[in-house]
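According to this note's numbering, the sequence shown is numbered sequentially starting from 450.
The structure appears below as structure tokens.
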Amino acid sequence: MNALWNALREEGVHNKLIAILQYIYTSARSIVQIGEANIPINIERGVRQGDPLSPKLFAATLEQSEGRLDKLQTINQRTTAYESAIC
450 MNALWNALRE EGVHNKLIAI LQYIYTSARS IVQIGEANIP INIERGVRQG
500 DPLSPKLFAA TLEQSEGRLD KLQTINQRTT AYESAIC
């Protein structure tokens with residue numbers, strides 16, 4: 450998720466909004482109901498499915514990564530990139 454927060458910072462998103470988004474995504478929970486038992490589950494990975502904001506956050510991160518790829522040197526018509534250089 451660090452790539453997401455870094456991408457938002459680089460795009461000029463206000464730190465308070467980033468902090469709110471971090472809170473939302475780090476405190477995400479679901480409840481599974483089996484019969485009459487409710488079992489809370491902390492969501493610890495990925496983005497929230499069905500959340501209308503998730504695709505926009507994904508697109509912002511992807512756009513930031515594409516920008517970094519454009520800056521990398523091209524060797525023999527191929528771009529060499531490592532995850533650490535992109536994210």
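We put the beta carbon where it would ideally sit given N, CA and C, even for glycine.
Note that this is a predicted model, so its numbers are computed, not measured.
{"Query": "Own chain residues within Cβ distance below 7 Å of Thr510, not counting five before or after", "Result": "Ala452, Leu453 and Ala456"}
{"Query": "Beta-carbon separation (whole angstroms), Ala477 vs Ile467, contact threshold 8 Å", "Result": "At roughly 16 Å, the Cβ-Cβ gap does not stay under 8 Å, so Ala477 and Ile467 are not in contact."}
{"Query": "The alpha helix (DSSP H) enclosing Ala456, as first and last residue numbers", "Result": "Asn451 to Glu459"}
{"Query": "Whole-number beta carbon distance between Ile483 and Pro489, since they are thought to touch under 8 Å", "Result": "With a Cβ gap of about 12 Å, Pro489 and Ile483 do not count as contacting."}
{"Query": "Chain-order list of residues whose beta-carbon lies under 8 Å from that of Asn464 (same chain, five-residue window excluded)", "Result": "Arg458"}
{"Query": "Range covered by the beta strand (DSSP E) that runs through Ser479", "Result": "Arg478 to Ile483"}
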